[in-house]
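So the structure is just underneath, and the comments pick up after that.
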Amino acid sequence: MIDNILTGHHSEVLGVNKRNLDYIYPNNGRRYFSLVDEKLRTKEIAADLGVPVPRTYLTFKDFRELISFEDQIKAYENFVIKPNKGHGGHGILIIGDRTANGYLDVHENPLPFRKLKRQVSDILMGAYSYGMNDTAVIEERIFPSSFLMTLYPQGLADIRIISYMEQPIMGMLRIPTSLSEGKANLHQRGIGVGLDLSTGKTIHALYKGKSITKHPDTHQDLIDLELPFIKEILDICKIVAAKIPLKYLGFDLTLDEKIGPMLIEINARPGLEIQNVTQKGLLEVLKRV
Amino acid sequence: MLKKWYIICLIFLFIPIISIFLKIFYFDYEISDVIPDKGYKLVLEIISHTDSPKSINISTFAPINNLKQRVLQEEGFSDAFNFRLQKEDNNRVMSWTADRIIGENKMRYTVKLKARAIKYVFLPDTPIDANYPPIMNKYLESSEMIQTRSEAIQKKAQKLTKNKHTLYDKIKAIHNFVIKKIKYVNFSGGLDAESTLQILEASCNGKSRLYVAMVRGLGVPARLVGGIILNRSPKKVTHQWVEIYLQGNWVPFCPTNNYFAELPNRYITLYYGDQVLFKYKSKIQLDYSYSFEKITIPKTGLSNKFKDLPINIFAIMENFEKFNISLNIFIYLLMLPLAAVILVILRNVFGLETFGTFLPILIASVLGGTGVILGILLFFAIIFLVYLGNLLLSKLEILYHPKMAILLSLVIAVMITVFYFGLLGKNYDVISLVFFPVAIMAITINRVTIIMEEDGVKRLFVMTFNTILVILISYYFINSIFLQLMMLSFPELISFFIGLNILIGRWSGFRLTEFIRFRGFFMRQQYDR
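Listed in order, the protein sequences are those of chains A and B. If you read the first sequence in our numbering, its first letter stands for residue 2, the second for the next number, and so on. If you read the second sequence in our numbering, its first letter stands for residue -6, the second for the next number, and so on.
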């Protein structure tokens, strides 16, 4: 058994080395990474397939375009500013509401224009994309469905689906907490709730490395819930995966209150923490595909 | 079926093995031929103290050049004293002078020297040379502390050598007597030859004086040698031993540690003759200590010796020396591929994630210049400053690149402050911090900021710990004398490391830290099966 553990074979868990060597390198060609690393390109592909994505309002590619920033942005009431090549939820600013002399964030704190402008310049200078120049995307703010709102009303919960060879193989729901500042990323202290993809039922919840059954802030039950639209969510993953020449992917989706499942972004190097969340080893599932 | 990577990996692993084999069996390449000489970097620190303004002149000895040791590079530094080095008889005397100074003042003399062990073959039939040149007379005379003509000493020497017919046997008899019959006691202050014989106990100087007195009594020139044994650092205790003039050579003998016509490399000669280590006139308080570290010094003439070799790395080494570039730089270059492989193992097998890909080994390679403790402290200080700076600057809402520039300026400002107060407090060690390259600082600032913003303080803390751990491990490998010798002798080992990297690069097993991360699975597995 020691031998099995050391070599990583015959064990149900997938480690970083094996993920990179046996799944990412052979299946995800580096030259196609930009299809998923750049959110605008991903959205283009999805939109062509009729998959709902957040509408893009504006894009800023260089500083000259910032001269008329205020005028351009005035047309929109609430929106999200994000880096085109960002990762892990970094550099995302959610604008909650408009007031007479500026905007409010999701916690109703005032956000003057210059703060918005600064966020855009930071993105342009590459503060969220390893120092390489980037494009700032101003897109529609998504209002989560009542199912997600009940679990935690601030921030946006999302759904991560791992797909291999166009087959969704594992999934989890990620819910923000008061500690995660509205973000659902696990390493930013969001909650991971494992899903049974065949039924859409939640099976196990993990928060800061420990199993829980209720949301620590809202005290909502997290286990044995039925995620709405599970079939549609998996269908989105399948049809988008079929269109992208990368075969090991992490899809991030959410549920919009009006439209339903919506694709946010795709990750070509999805993390391994989902195994602790679902209490299921990826290798075991991957081998069956 | 052999996979492609497997074959490439084997080629890389086997090239150096074949090459080493060829070198040893075909080119008569012996490791002992290329092993660089051992040497020391020796630092003498002197602190003087006076309560009232005084003009001070302190003199002591700088290591001598002889068959056993060679000074390669030396310098004296003090902000209060003038440093001068001159020859006096056979000795090299350094003097520190200052006009009307008060309080505590530091002097520092640094020397790099090559030192080797020496061993003479003292043949039993070595004759006593009857006619010494007049210059040797002073090594036969009786002096105040070495009383060759003392009746007691002459009588004892005669008794010891009565039935001995060769010079070898006579000296051996005196040697054994001083070793066995004069009890070693550790007391400060000198003891003359006569008193040593009288009380039958002495420290190294009494033993050596008696030894010299008795050998001179045989009509053979002998002298006292003063120096230091580099076994513990720092140390204040100096040592004295004996040299006897045999067949045109001054041959060493140590009656304290029982070396007969030989000395190990750790004996460093500071002066010849019955001298006082420090001389100074005014009434001052003086404190001193010697500290040292081992260094390697390349053999010269190797490129010529191995000119048949297809690739002759010694030519590079000699050119480095010619342009006065420290060989250490070349050695560090050679050690980097090894350090990189260690880093890869720590990362991909142990799962220790660090700042930047090569940052830990870059830092490890500069620790030789800055000193381990100071270097690590500086690295830690940079992380802490960047952390503080980020907290403060986040309130100011400053753009990304200007923020990086401010953090870099902040680190430099703090370094200058450290220099200022360090030197004000006469702590010259801080100067070595300039060896910490700005490029490394800049990368550190960048990585720390990104990790802090993206992953939070907890991860920053873990990464800092990991990075320091990896720095220390790589430092150990880079500075291992054995590994340095292996790399100097067989630079083709770089190919071996490439092979190792391919092996690790194709290894898909768990990283050790993943056993903790996914412990739920591994513990369950044990119950299930």
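Think of the CB as a built atom: it goes at the ideal place given N, C-alpha and C, for glycine as much as any other residue.
- Note: S135 of chain B is not bridge-paired with any residue in the DSSP secondary-structure output.
- For D92 of chain B, the uninterrupted beta strand (DSSP E) segment begins and ends at 84 to 108.
- Between the alpha carbons of S402 of chain B and G89 of chain A lies a distance of about 30 Å.
- Taking a C-beta distance under 7 Å as the contact criterion, I438 of chain B and V379 of chain B qualify as a contact pair.
- Between the alpha carbons of L426 of chain B and G362 of chain B lies a distance of about 8 Å.
- In terms of Cα proximity to I40 of chain B, the closest of B:A73, B:K61, B:T442 is B:A73.
- The stretch -1 to 18 of chain B makes no contact with the stretch 42 to 58 of chain A: fewer than 3 CB pairs, one atom from each, lie closer than 8 Å.
- Per DSSP, the beta bridge partners of A55 of chain B are B:R85.
- Contact between N79 of chain A and D98 of chain A holds, since their C-beta atoms are separated by about 6 Å, short of 8 Å.
- The residue from A:Q221, A:T200, A:S179 with its alpha-carbon nearest to that of A206 of chain A is A:Q221.
- N28 of chain A and K248 of chain A have their C-alpha atoms some 5 Å from each other.
- Collapsing the DSSP output to three states places T43 of chain B in a strand.
- By the neighbour-count criterion, in which 16 or more other beta carbons inside 10 Å mark a residue as buried, T100 of chain A falls on the exposed side.
- Assignment of beta strand (DSSP E) within the stretch 430 to 502 of chain B, counting only whole runs of 3 or more residues, yields no such run.
- Scanning the stretch 118 to 185 of chain A for uninterrupted alpha helix (DSSP H) segments of 4 residues or longer gives 147 to 152, listed from N- to C-terminal end.
- Under the Cβ criterion of 7 Å, L327 of chain B is not counted among the residues facing chain A.
- Rounded to whole angstroms, the separation of the alpha carbons of D63 of chain A and I139 of chain A is 14 Å.
- With a cutoff of 7 Å on beta-carbon distance, L339 of chain B and V441 of chain B are scored as not near each other.
- Under the three-state reduction of DSSP output, K232 of chain A falls in the helix class.
- In this model, N75 of chain B and K47 of chain B are separated by some 15 Å (Cα to Cα).
- In terms of CA proximity to S130 of chain A, B:E447 leads the group B:W500, B:L505, B:Y468, B:E447.
- Going by beta carbons, L203 of chain B and L217 of chain B fall outside the 7 Å limit.
- In this structure, the beta-carbon distance from V235 of chain B to S196 of chain B does not fall below 7 Å.
- Cβ neighbours of I277 of chain B within its own chain (closer than 7 Å, five residues either side excluded): S41, H42, T43, K47, I49.
- Per DSSP, V171 of chain B is one residue of the alpha helix (DSSP H) stretching across 160 to 174.
- Around the beta carbon of T154 of chain B, 16 or more other beta carbons lie within 10 angstroms, which makes this residue buried.
- Here DSSP, grouped into helix, strand and coil, assigns F20 of chain B to coil.
- Collapsing the DSSP output to three states places P55 of chain A in coil.
- For T289 of chain B, the enclosing beta strand (DSSP E) stretches over residues 278 to 290.
- Distance between R512 of chain B and Q276 of chain A, taken at the CA atoms: about 11 Å.
- If you ignore the 5 residues before and after I237 of chain A, its C-beta comes within less than 7 Å of the C-beta of V52, L254, P262, L264, all in its own chain and listed in chain order.
- Per the DSSP secondary-structure output, R77 of chain B pairs in a beta bridge with B:S88.
- One thing to note: G32 of chain B has its Cβ within 7 Å of the Cβ of K107 of chain B.
- The shortest C-alpha to C-alpha distance from E66 of chain A to any of A:L187, A:L149, A:V121 is the one to A:V121.
- At least one C-beta of chain B is nearer than 7 Å to the C-beta of M126 of chain A.
- Judged by pairs of C-beta atoms under 8 Å, the stretch 114 to 121 of chain B does not touch the stretch 214 to 228 of chain B, as fewer than three such pairs exist.
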